[in-house]
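What follows is a set of notes on a single structure, which appears directly below.
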Amino acid sequence: MAETFDILLIEDDPLENMAISSILEGGFVHLIKYSVNSELATDELSHQRFDVVIVDIDTLNEDRPPHREIIEQLKQQNPHCLIIALTSDVSPEAVKPLLEIDVRKIINKPYSAAEILDPIHQRIGVDFEDFQQQVNYEHRIIDKKVTEIKELIAIKPEEDGAHQTFSQKIKQLSKLISDHFLLEERHMTLYSYPDLDLHQDQHSSLLDDINMLLDVSGNNKDVVDEHLDLVDKIQIKLNHDQNFIEFVSHLSHMNNVYAT
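Every letter in the sequence shown is one number past the one before it in the numbering used here, and letter 85, counting from 1, is 149.
Below you can see the structure in the form of C-alpha cells.
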C-alpha cells in the first residue's frame with residue numbers, strides 16, 4: 065500500500081462535507097485528503113494528481129462547473145482515477161450520462177460509510193472483510209485499554225513500591241487514555257456510530273475517577289500539573305462526544321429527509 069493516497073472530495077453541502085470527511089479520516093489515517101467545493105475543484109485539479117475523487121452530483125448545479133467537465137478533466141489527468149459519484153437520483157435517465165463518461169461507482173443517498181470505503185479499499189488492495197476484522201480487533205483493544213485504566217486508577221501509591229512515583233503513574237495513565245481515544249475515534253468513524261451515549265457516560269465516569277486521584281496525590285506540583293493536563297484532555301473529549309452526538313443526530317435527520 066502506498067504511504068500516501070490522495071483523495072479529492074468535491075462537496076458543496078457543509079454537513080455532507082463533514083460527514084464524508086469523518087468517514088475518510090477514520091478509514092484512511094495515512095492519506096493526503098483535500099476537501100473543496102465545486103468552484104475550487106478545477107483549480108485544485110490543475111496542480112494535484114488524485115487517486116480517488118468523490119463528487120456529489122446533486123450539488124453541481126448550473127451556477128457551478130458541470131460535473132461532466134470536471135469528471136472528464138479527472139480522466140485526462142489520471143485515467144486510472146477512481147471516481148465515486150454521490151446522487152439522490154439513480155434512475156436510468158440520471159445514471160446514463162455518468163456511465164457515458166465512465167463513472168462506474170455510483171452511490172445512492174443516503175449512503176453508509178461502508179459504501180464509500182469499500183471501493184477505495186478495493187482500489188488500494190485492502191480486503192473489506194479483513195478491514196472489518198481489524199476494526200473489530202481494535203474495538204477489543206479499546207475495551208482492554210479501558211480495563212487497564214480502571215485497574216491503574218485502583219492502585220494506591222503506597223501499594224505500588226518505591227520504584228514508581230505517583231507522577232509516573234499519572235503519565236502512564238495519560239498515555240493509556242491517549243491510546244484509548246485514538247482507537248475509539250477511528251472505530252466510531254468507520255462503519256457506524258455505535259453507543260454514542262455509552263461512550264460519553266464512560267468518559268464522564270473516567271473523569272470522576274481521575275479527579276479522585278487528587279485525594280491521594282498530595283501537593284507535588286509535577287503531579288498536580290500532570291493531573292490537570294489529563295483532566296483537560298478528558299474534558300475536551302467529552303465536549304467532542306457531545307458535538308459528535310449532535311452532529312450524528314442531525315445527519316440522521318438529513319438522511320431521513322433524503323429518504324423521503
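Positions of the beta carbon are idealized from the N, C-alpha and C atoms, including for glycine.
Outcome for residue i when other beta-carbon atoms lying within 10 angstroms are tallied against a minimum of 16
i    : result
L79  : exposed
D120 : buried
K160 : exposed
I300 : exposed
D272 : exposed
I135 : buried
Nearest-angstrom Cα separation, counted from residue j out to residue i
i    : j    : result
S152 : F114 : 25 Å
E157 : D70  : 31 Å
I165 : H185 : 23 Å
I170 : R187 : 15 Å
N172 : L150 : 6 Å
E133 : Y175 : 25 Å
L104 : S269 : 45 Å
E108 : Y98  : 9 Å
V154 : S85  : 23 Å
I298 : L162 : 47 Å
H111 : N101 : 16 Å
D122 : N303 : 33 Å
Sub-7 Å separation of residue i and residue j beta-carbons
i    : j    : result
N81  : E89  : no
V167 : I147 : yes
Cβ-based neighbour list, residue i, same chain, cut-off 6 Å, excluding 5 preceding and 5 following
i    : result
N142 : R113
L73  : I84, S99, I118
Per DSSP, cross-strand counterpart(s) of residue i
i    : result
I171 : L150
V119 : I74, A149
V100 : I74
Chain D within 7 Å of residue i, Cβ atoms only
i    : result
L104 : Judged by its chain identifiers, the structure shown contains no chain D, having just a single protein chain.
Same chain, Cβ closer than 8 Å to residue i, five either side skipped, listed in chain order
i    : result
C145 : F114, D115, V116, V117, L138, K139
Any non-hydrogen atom of the ligand MG closer than 6 Å to residue i Cβ
i    : result
I170 : In the structure on display, the ligand MG does not appear, and there are no ligands present to speak of.
Contacting residues, own chain, Cβ-Cβ under 7 Å from residue i (five flanking each side not counted)
i    : result
D296 : none
P183 : L146, I148, K169
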